[in-house]
């Protein structure tokens, strides 16, 4: 029987596959904090051809995503499938004279996002992520407005890897760089019959429909945790900068690749 | 040493206790579906002195809560503590000639909510709950507006116990009854040295600051799952009615009790 | 309708209740590490009438439990209900001239255990716990034998609270004190209509059928993590002692109480 | 910088990668149940070149694994990394005149296993899995001996997908076929810049050090759950056969591949 499915598991219908092909659509609530790190430490995490931002600019980004898929209605329909949280470190870098972003470490709390990310070259691991979400009424939470404090944290392998806070002061007049840098990923899939990888290439996402709501900003707080499974501590000592809270949306149509 | 703490664990400072005393504040996003069940089945789940609504009116309510506590700043500050999801069955009932609500089954995904609920007489169990949340931008999710479909489900012990959908058609001109019925709970804490309970009493919450946003409504869909740990199936066969999506907030100041 | 159930939820049959009354039976695999702490720090966690062991003796105990219940067949039959992991701190103490044990902090990964524990006065919180389990064949794990290293860790609220290791050297000629100290608990259930607790009493478990297998012992390693929700750090600086790996079983018939 | 790591995330040291290359070692406790399904239904899940066993023989296998990795000490040392549960459906099939096994659906509760499996062509998804484990002492659990009942279940996306029970009667005189069939997997990694997959090939594991302990057997019970994310229901109606409880160990050295 010819089996179908963009990913495993395949079947005669294709409907068991974890991931359907793009287009994929994303609508998210973002909490981000800028920081600067020693450029030598950043360099240890950048692939050949990419140099650290000379000022050592970096960001930590938390996102509470709703996602959908043109080829799989269940992603939008089932909140247990399309919704997830994500937390990542973003190194601001330069490649071929252009500003780009590189994600050395990222955690998500969803199987779909984990595997969809690996296909794009996001080095996703599983984590437990919590983020302040604004409320519309009452005293149980905070509004997305000046004076509110938004917090977020991520845990992986039972260790707190990221803890961030932003105290909102005003609406910024431009987007944070963390929202605008085009990301350069590495797609990597090992072979099982030889040491060389089966797939090893740079990936540049084809993004469309980018939208951003008002960007609330104020002083940030950030702690990177020490953990035996990640080299987060290579990025210290940190100098923490501004934080941001905003809505963001875009679609991924696929990507371009370049051999490594 | 005199140890402090409204609940366990107690310590010399009291800061380890899981739950601090009220006031507690709640701000939530609600997805609810009305249904009617055989009144005999409802009666099997109601304590003495309470009769089923003669029409067999019942509701299922999902809530995405942010909560805070006047005596514990961490509940608001840490999104991993104050935020949680909840799903419950609500029987519309009559007690002493008045309309009241009774919650025979409820699931939450938070330790704090589980124990805070047990203290109030909510019969909370742990569950995994997912709810559609509206998005502000883009195509990754839906808006809280006519035409959108909101879904929610709850799983306990690896079994899907509740699955609900509401397709929004219009803004209702009044609150759903599920939001207005005063709840009558049973506080129950066993003794360990004798068969009779140490605490067994009715509890009526002291609620203040009740607010409700626009109530979006439309046809509902609901499935109650069979599970060996709950008597949900006693409530079938169901007749499913309207669904509702709205924001809600209130504060709990404590409660009154009445001996059983 | 008269509703039944030793705990909530109650119903006409009683079969929805989370916890059935004792007898309860426990069979577990234990990883424990002794340590000593400053006696002043221990005193901050002991109730009136209990004094710290003069040497500052304490233990950390991890347990991989299978449990069953005489009045609920599902606990034994469903591995998702009766099985769970537990991790706790044990203070060696003196009460009325006798050696006793006191558990100021404990984490479990099961709803049943959380609530069954609260009823006995164990101050249980939810946590994520991992423990080395011995294997019978092959190279995927270690044997319960000299030379093997057993590890265990517990995480609560996204923070590692306990990390322990024991390197087995020999079979001990007697039980570790952590297995033999009778525990003194505090049962505490708040009132909702007044500040004073509804239940506040010491609890002494009625234990029968205690069994212990060979106790493998060797040097221990232990780290208590700093966390905003527990006063673990009050117990430092630690002096870490021996570790133990053994099987243990007993039954709980109920308990005796004493007013506080 | 040249970045290292057999999988993502890569870094200058390689120690952040989720998966290290083989050899990998596995020691597990198995609960399995044989069943037969309509051969047409099995054919819908088999790739070209493979035919269903003419009797419709299939199995469901649950495994409680400890694993280790020659190139990553942390897998053995950290019980939160190397240990996991797995549940899968195994179709008995024929390829090129030989008996082989094919795994159309499989769930695990570990990130490491999920990705290590995808590399081998196991179509792993995340799930919640519980299995009876035997106890050494006391009444909290059962012994691996005649008269004991072992149970296991798996949940994915909040739906119970597999529920199995084996009541032990005797020690079998040979291995169950589920333990001996060589598995044929499909390695599949999508391209992001074109519809055709980047990797699509059959994989045959290179297994060594296979060991099996005494095989306890008796009548089995099995329920395959309906779920919108898997085609389990294609395999009904089932005829359930014998069940097995045994220890098993082996090592994976890598694999051979064949183009598709």
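Protein chains in written order, with this note's numbering: chain R, 3 to 262; chain A, 3 to 262; chain F, 3 to 262; chain B, 3 to 262. Glycine is no exception: its CB is placed at the ideal position from the N, C-alpha and C atoms.
Can you check which of these residues, the options, is closest to residue i by C-alpha distance?
i, options, result
"residue 263/B", "35/B, 25/B and 51/B", "The shown model of chain B, from 3 to 262, leaves out residue 263/B, and the question about it has no answer."
"residue 216/F", "140/F, 73/F, 237/F and 170/F", "170/F"
"residue 175/A", "166/A, 192/A and 214/A", "214/A"
"residue 91/A", "127/A, 197/A and 76/A", "127/A"
"residue 74/F", "35/F, 111/F and 17/F", "17/F"
"residue 141/A", "56/R, 120/R, 211/R and 118/R", "211/R"
"residue 80/A", "202/R, 144/R, 13/R and 199/R", "144/R"
"residue 78/F", "27/F, 119/F and 57/F", "27/F"
"residue 14/F", "4/A, 40/A and 44/A", "44/A"
"residue 208/A", "253/A, 107/A and 23/A", "253/A"
"residue 190/R", "206/B, 236/B, 117/B and 248/B", "117/B"
"residue 164/A", "178/A, 130/A, 195/A and 196/A", "130/A"
"residue 183/A", "72/A, 102/A, 7/A and 139/A", "102/A"
"residue 196/F", "109/A, 23/A and 162/A", "23/A"
"residue 8/F", "256/A, 201/A, 255/A and 258/A", "201/A"
"residue 268/R", "193/B, 237/B and 249/B", "With chain R represented from 3 up to 262, any question about residue 268/R goes unanswered, as that position is not in the structure."
"residue 42/A", "162/A, 238/A, 262/A and 6/A", "238/A"
Report the three-state DSSP secondary structure of residue i (helix, strand or coil).
i, result
"residue 208/B", "strand"
"residue 245/A", "strand"
"residue 75/A", "coil"
"residue 177/A", "coil"
"residue 106/A", "strand"
"residue 3/F", "coil"
"residue 256/A", "strand"
"residue 224/R", "strand"
"residue 66/F", "strand"
"residue 262/F", "coil"
"residue 236/A", "helix"
"residue 127/R", "strand"
"residue 219/B", "strand"
"residue 17/R", "coil"
"residue 229/R", "coil"
What does a CB cutoff of less than 7 Å around residue i pick up in its chain, not counting 5 residues either side in sequence?
i, result
"residue 241/F", "37 and 38"
"residue 48/F", "54, 93, 95 and 104"
"residue 84/B", "68, 69, 70, 77 and 78"
"residue 66/F", "30, 31, 87, 133 and 135"
"residue 157/A", "129, 130 and 163"
What residue range is occupied by the uninterrupted alpha helix (DSSP H) comprising residue i?
i, result
"residue 118/R", "113-122"
"residue 41/R", "41-45"
"residue 83/A", "81-84"
Among the residues of its own chain, which have a CB less than 6 Å from the CB of residue i, if the five just before and after it don't count?
i, result
"residue 64/F", "33, 89, 133 and 154"
"residue 231/R", "159"
"residue 219/F", "174, 244 and 246"
"residue 35/R", "62, 166, 222, 224 and 245"
"residue 180/F", "34, 61, 63 and 92"
"residue 150/F", "144 and 170"
"residue 119/F", "126"
"residue 110/A", "86, 88, 116 and 126"
Quick one: residues in its chain with C-beta nearer than 8 Å to the C-beta of residue i, no 5 flanking neighbours on either side, listed in chain order?
i, result
"residue 10/B", "19 and 20"
"residue 105/B", "90, 91, 92, 93, 124, 125, 185 and 187"
"residue 97/F", "51, 52, 53 and 186"
"residue 172/A", "148, 218, 219 and 220"
Note the first and the last residue of the continuous beta strand (DSSP E) segment covering residue i.
i, result
"residue 35/F", "26-38"
"residue 137/R", "From DSSP, residue 137/R is part of no beta strand (DSSP E); its letter is neither H nor E."
"residue 186/B", "186-191"
"residue 163/R", "161-169"
"residue 54/B", "52-54"
Return the Cβ separation of residue i and residue j in integer angstroms, given the expectation that the two are a contact with Cβ distance under 8 Å.
i, j, result
"residue 29/F", "residue 168/B", "Between residue 168/B and residue 29/F the Cβ distance is about 19 Å, and since that is not below 8 Å, they are no contact."
"residue 204/F", "residue 260/F", "4 Å"
The ligand NAP and residue i: does any heavy atom of the ligand fall closer than 7 Å to the residue's C-beta?
i, result
"residue 233/A", "Inclusion of the ligand NAP in the displayed structure is not the case, the ligand content being empty and no account of it being possible."
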